[in-house]
Amino acid sequence: MAEQDEFFAPYDAPAGGWGALAATAKALRRQSVVARGSKALLAANQPEGFDCPGCAWPDPKHTSSFEFCENGAKAIAWEVTDKRVTRAFFERHTVTELLAETDLWLEEQGRLTEPMRYDAATDKYVPIAWNEAFATIARHIHAMDHPDQAEFYVSGRTSNEAAFLFALLGRLVGTNNFPDCSNMCHEPTSRGLPLSIGIGKGTSVLEDFEHADMILNIGQNPGTNSPRAMGTLRDAAKRGARIVVFNPLRERALEQFADPKSTQDMLSKGVKIAHLYCQVKVGGDAAALKGVMKLVIEAERAAKAEGRSGVLDHDFIAAHTHGFEDFVADLDATDWADIIETSGLDRATLQQVADIYCEAKSVILMYGMGITQHRHGSENIQQCVNLLLLRGNIGRPGTGISPVRGHSNVQGDRTVGIDEKPTEAYLDQLAKVFKFEPPRAHGHGVVTSIEAMIRGEVRVFLAMGGNFVAAVPDTPVAAAAMRSVALTVGVNTKLNRGHLVHGKEALILPCRARSELDEQDGVLQSVTVEDSMSFVHASGGLLEPVSPDLMSEVAIVCGMAKAIFPDRYTHINWDGYVADYDRIRDDIEAVYPDLFHDFNRRVRQPGGFRLRNPASERIWHTKSGRANFLVFKGVAEEKSRNNEPKVLRLATLRSHDQYNTTIYSNNDRYRGITGTRMVVLMNEADMMERGIMPGDKIRLRTISTDATLRVVENLTAIKYNIPRGSVGAYYPETNALLPLSHHDELAETPAAKSIPVLAEAMG
-17 MAEQDEFFAP YDAPAGGWGA LAATAKALRR QSVVARGSKA LLAANQPEGF
33 DCPGCAWPDP KHTSSFEFCE NGAKAIAWEV TDKRVTRAFF ERHTVTELLA
83 ETDLWLEEQG RLTEPMRYDA ATDKYVPIAW NEAFATIARH IHAMDHPDQA
133 EFYVSGRTSN EAAFLFALLG RLVGTNNFPD CSNMCHEPTS RGLPLSIGIG
183 KGTSVLEDFE HADMILNIGQ NPGTNSPRAM GTLRDAAKRG ARIVVFNPLR
233 ERALEQFADP KSTQDMLSKG VKIAHLYCQV KVGGDAAALK GVMKLVIEAE
283 RAAKAEGRSG VLDHDFIAAH THGFEDFVAD LDATDWADII ETSGLDRATL
333 QQVADIYCEA KSVILMYGMG ITQHRHGSEN IQQCVNLLLL RGNIGRPGTG
383 ISPVRGHSNV QGDRTVGIDE KPTEAYLDQL AKVFKFEPPR AHGHGVVTSI
433 EAMIRGEVRV FLAMGGNFVA AVPDTPVAAA AMRSVALTVG VNTKLNRGHL
483 VHGKEALILP CRARSELDEQ DGVLQSVTVE DSMSFVHASG GLLEPVSPDL
533 MSEVAIVCGM AKAIFPDRYT HINWDGYVAD YDRIRDDIEA VYPDLFHDFN
583 RRVRQPGGFR LRNPASERIW HTKSGRANFL VFKGVAEEKS RNNEPKVLRL
633 ATLRSHDQYN TTIYSNNDRY RGITGTRMVV LMNEADMMER GIMPGDKIRL
683 RTISTDATLR VVENLTAIKY NIPRGSVGAY YPETNALLPL SHHDELAETP
733 AAKSIPVLAE AMG
């Protein structure tokens, strides 16, 4: 027990509050940027400032002086740090030596300052001129046997302008291979949600949260992943909205939260957030939702039998939906024993949720990767929609479905063309505007790009941001595959593991950060981003770039294009794009005339503008022309194929001192973990059944159908409040346990939130 106590002590203070202020100050001091960082923070998410490089939660119309959160402050501090990775740094370290360092250590080294190339003879990165770097990329592109030997990867921090040009560049090369970070997180939203409502985006806006009577938060930990959302939830709770949470872990921010901007909160214990907290088993979300919906249907039938008004919105169902009868028939056929076993929630708890839902006039359902990163992630989302449709909770004030995106522009990148499965309408417009015939065959997403690497079919891997190798499943397999690629290119602000697990040739191209001034031909430029609620707004930096050798993302993409096509597509004015980003926006408008009409004028309005969302207007762009009730037969997360009796379901987690693959420290304040990330959170009964004591060193081993042994060892077992059969551990440390084949069938999103594993004591 003593060893567990060394790492774990429950956190009982409210989330946010003094702890958040202290952590923000510490982050600025740690990066030695108190003055520079404070200036940046005051401009973050302001109409005349830059968009936070963290999450995609929207900005309020009436901003305060402080529109940043603790984790946004950390992201900005890490970006504006005074630490530098110079050529002298690379002279001191071989790549082999750097590979032995932790991800935290790599991030701590600071900002990249000039383009570098890998020198195999010395196993070091050495300087390279920009024009030579672009020429290297062109040489490898021209050496390909087929355009589909190139992969164009995009991180969600890439601006609309850079992403649009990168999408154009890839299709000029001749491929639709656009793996992106959406493939690893919210692809079930992009693929599964349109089958229900005709669009792969949420329907709610911030104002809806001011009018909702009930907010169902499912599979989302906003206190860590999108902390600015906590202000919205706090305000809703204070005015009496009932917030219901479905989550395996009792996340502190969803229990009690103190807004650092509120004097009253800071002098008290803050505000209780969750009216009802339901600790669903890992993989049990669809079962829980079907249980709630069965009870809603039962309430409807009981009311009718007694001559009372029912709870369903029959007018909405009749006018706006399709498939209701088949949906109800499936609910009737679903057994309560299966629902209770799979969800981990008893019928009485589900009844409470159903009662709250039936009593509420307006309901919002917000969700995150806790329900998308499953083998049935798309079906999970469709069940969420089914629940909302029962009472007309889409397309009127105070209602809607609200996917909470991660990266600040992951939604925008998809909107402007980063899509391995582009629509024919987009390709037709691209052909019309740019006078070429784009490829029509669908390309690779993340999973299929790695599979292509394994087969030896990838020659060039270009990454606009991100840390691909650290983020993807089957880490050793993916790393070996990446090393077979002829050329890998990373456009980044900081050093990460993706630069160390590289191809036979490799380039690091440093770009300006979002907080930095982007001056082209003496004129300051701004870029645009799209938030989780479809608002597009401008972002302009205010700090001097950390090095004169940095280029903007736009300039880097255009530099590649000019080198690859010195004599082709001369009608495309790449230099003009770099000189004036308005020209890029003009062409975005030309390709998307309905979405981006009058783009340059509208984006200069304070707060920007919202892209049209037909489902918000109860216009359904589905095959049926209506919102669809979609049936998911059964309730169980896929069982272990060998029926191993002691199988557990592992959900990989982000710590509070982490943003995606960026690690800020080895602590997780709200979960009470200190000084390590190599832990497994386990139910006490599961531990006893396996002979594991708190503090024991254990291994996790994946149950899979292939012959690959997937094991992570030397994890400390922590007795934790988590449902039986469920365990939690951090990523990317446990990504090696996630088979490449274990993914959602429709969206191909890796099922990182439900990995079948065995937990074994190490003797």
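The opening residue of the sequence shown carries number -17 in the numbering used here; numbering runs sequentially from there. We treat Cβ as the ideally placed atom computed from N, Cα and C, and that holds for glycine. Since the structure is predicted, the reported quantities are computational estimates derived from the model, not experimental observations.
Buried or exposed (CB count within 10 angstroms, at least 16 for buried), A82: On the sequence shown, position 100 is the one that residue 82 refers to. Classification for A82: exposed.
Proximal residues to E61 (C-beta, below 7 Å), its chain only, five neighbours per side dropped: Position 79 of the sequence shown, counted from the start, is the residue given in the question as residue 61. If we look at E61 and ignore the five residues flanking it on each side, its Cβ neighbours are P35, T475, A495, S497.
Local conformation of S291 per DSSP, three classes: Here residue 291 is taken as the residue at index 309 of the sequence shown, counted from 1. S291 falls in the coil class under three-state DSSP.
Pair within 9 Å by beta-carbon distance, A(-3) and M212: Taking the first residue of the sequence shown as 1, we reach residue -3 at position 15. Taking the first residue of the sequence shown as 1, we reach residue 212 at position 230. A contact, by the Cβ cut-off of 9 Å.
Segment contact, 8 Å Cβ cut-off, at least three pairs: the segment 134 to 151 with the segment 439 to 458: yes
Cut-off 8 Å between Cβ atoms - residues of its own chain near T303, not counting five sequence neighbours on either side: The residue you call residue 303 lines up with position 321 of the sequence shown. L371, R608, A609, N610, F611.
Member of A132, Y349, L697, E501 whose CA lies at the smallest distance from the CA of E402: Along the sequence shown, one-based indexing puts residue 402 at 420. The shortest C-alpha separation from E402 is found at A132.
Alpha helix (DSSP H) runs contained entirely in the segment 343 to 428, provided each spans 4 or more residues: 351 to 354, 359 to 372, 392 to 397, 406 to 416
Contact the segment 268 to 283 vs the segment 323 to 343: 3+ CB pairs below 8 Å: yes
Assigned secondary structure, K735 (DSSP; H/G/I helix, E/B strand, else coil): The residue given as residue 735 occupies position 753 in the sequence shown. Coil at K735, not helix or strand.
Pair within 9 Å by beta-carbon distance, D130 and E439: Residue mapping note: residue 130 aligns to position 148 of the sequence shown, counting from 1. Residue mapping note: residue 439 aligns to position 457 of the sequence shown, counting from 1. D130 places its beta carbon less than 9 Å from that of E439.
C-alpha gap between D549 and M351, whole angstroms: One-based indexing of the sequence shown puts residue 549 at position 567. One-based indexing of the sequence shown puts residue 351 at position 369. In a straight line, the C-alpha of D549 is about 45 Å away from that of M351.
C-alpha distance - I685 paired with R153, whole-angstrom precision: Taking the first residue of the sequence shown as position 1, residue 685 is located at position 703. Taking the first residue of the sequence shown as position 1, residue 153 is located at position 171. Taking the straight line joining both Cα atoms gives about 39 Å.
Same chain, Cβ closer than 8 Å to S736, five either side skipped, listed in chain order: If you number the sequence shown from 1, residue 736 lands on position 754. Same-chain partners within the cutoff: V264, G265, Q355, H356, R357, E619, R631, L632, A633.
Distance CB(R234)-CB(Y652) smaller than 9 Å: Sequence index remark: in the sequence shown, residue 234 carries index 252 (1-based). Sequence index remark: in the sequence shown, residue 652 carries index 670 (1-based). In contact: R234 and Y652 (Cβ atoms closer than 9 Å).
Residues of its chain near A423, where Cβ-Cβ distance is below 7 Å and the 5 sequence neighbours each way are ignored: On the sequence shown, residue 423 is found 441 positions in, with the first residue counted as 1. Within the same chain, A423 has close Cβ partners N158.
Coarse secondary structure for K106, derived from DSSP in three states: Here residue 106 is taken as the residue at index 124 of the sequence shown, counted from 1. In the structure shown, K106 sits in a strand (DSSP, three-state: E or B).
Complete runs of the beta strand (DSSP E) confined to the segment 626 to 656 [at least 3 residues]: 630 to 635
D247 vs G(-1) beta-carbon contact at 9 Å: Translated into the one-based positions of the sequence shown, residue 247 becomes position 265. Translated into the one-based positions of the sequence shown, residue -1 becomes position 17. Yes, the Cβ-Cβ distance between D247 and G(-1) is below 9 Å.
Alpha carbon of K605 to alpha carbon of I346, nearest angstrom: In the sequence shown, the residue the question calls residue 605 occupies position 623. In the sequence shown, the residue the question calls residue 346 occupies position 364. The straight-line gap from Cα to Cα measures roughly 25 Å.
Local Cβ density within 10 Å of T331, reported as buried at 16 or more and exposed below that: Looking up residue 331 in the sequence shown gives position 349. With 16 or more other Cβ atoms within 10 Å, it is buried.
Range of the contiguous beta strand (DSSP E) that encloses A132: For the purposes of this step, residue 132 is taken as the residue at position 150 of the sequence shown. A132 -> beta strand (DSSP E) spans 132 to 136.
Close-in-space but distant-in-sequence residues of the same chain around M744 (CB under 8 Å, 5 per side omitted): The sequence position of residue 744 within the sequence shown is 762, counting from 1. D678, K679, I680, R681, E695, N696, listed in sequence order.
Y551 - partner residues in DSSP beta bridges: Taking the first residue of the sequence shown as position 1, residue 551 is located at position 569. Looking at the DSSP output, Y551 sits in no beta bridge, so it has no partner there.
Whole-number beta carbon distance between L271 and C366, since they are thought to touch under 8 Å: Numbered from its first residue, the sequence shown carries residue 366 at position 384. Numbered from its first residue, the sequence shown carries residue 271 at position 289. Their Cβ separation, rounded to whole angstroms, is 7 Å, which keeps C366 and L271 in contact under 8 Å.
I179: first and last residue of the uninterrupted alpha helix (DSSP H) it sits in: Within the sequence shown, the letter at position 197 stands for residue 179. Note, I179: alpha helix (DSSP H), 169 to 179.
Three CB pairs or more closer than 8 Å across the segment 699 to 718 and the segment 660 to 671: Judged by Cβ distances under 8 Å, the segment 699 to 718 makes contact with the segment 660 to 671, as three or more pairs qualify.
Candidates Y574, R66, E73, E727, of which the one nearest G427 by Cα: On the sequence shown, position 445 is the one that residue 427 refers to. When only C-alpha atoms are compared, the closest one is E727.
N-terminal and C-terminal residue of the alpha helix (DSSP H) that H302 is part of: Within the sequence shown, numbered from 1, the residue matching residue 302 stands at position 320. First-last of the alpha helix (DSSP H) with H302: 296 to 302.
Touch test, the segment 63 to 78 against the segment 87 to 98, Cβ-Cβ under 8 Å, three pairs minimum: yes
Extent of the continuous beta strand (DSSP E) run through R679: In the sequence shown, counting from the first residue as 1, residue 679 sits at position 697. Looking at the sequence itself, residue 679 is Lys, so the reference to Arg does not match. Its beta strand (DSSP E) spans residues 679 to 684.
For M196 and E341, the rounded distance between their alpha carbons: What you label residue 341 is simply residue 359 of the sequence shown in a count that begins at 1. What you label residue 196 is simply residue 214 of the sequence shown in a count that begins at 1. One C-alpha to the other measures close to 9 Å.
Touching by the beta-carbon criterion (3+ pairs, under 8 Å), the segment 180 to 196 and the segment 371 to 382: Using a Cβ-Cβ distance cut-off of 8 Å, the segment 180 to 196 and the segment 371 to 382 are in contact, since at least three pairs of beta carbons, one from each stretch, lie closer than that value.
Cβ neighbour criterion (16 or more within 10 Å) applied to T644: Along the sequence shown, one-based indexing puts residue 644 at 662. By the neighbour-count criterion, in which 16 or more other beta carbons inside 10 Å mark a residue as buried, T644 falls on the buried side.
Cβ neighbours of T470 in the same chain (closer than 6 Å, five flanking residues each side left out): Position 488 of the sequence shown, counted from the start, is the residue given in the question as residue 470. Closer than 6 Å at Cβ, skipping near neighbours: F443, H484, G485, A488.
Rounded separation between M669 and A699 - CA only: In the sequence shown, the residue the question calls residue 669 occupies position 687. In the sequence shown, the residue the question calls residue 699 occupies position 717. Looking at the two C-alpha atoms, the distance is approximately 8 Å.
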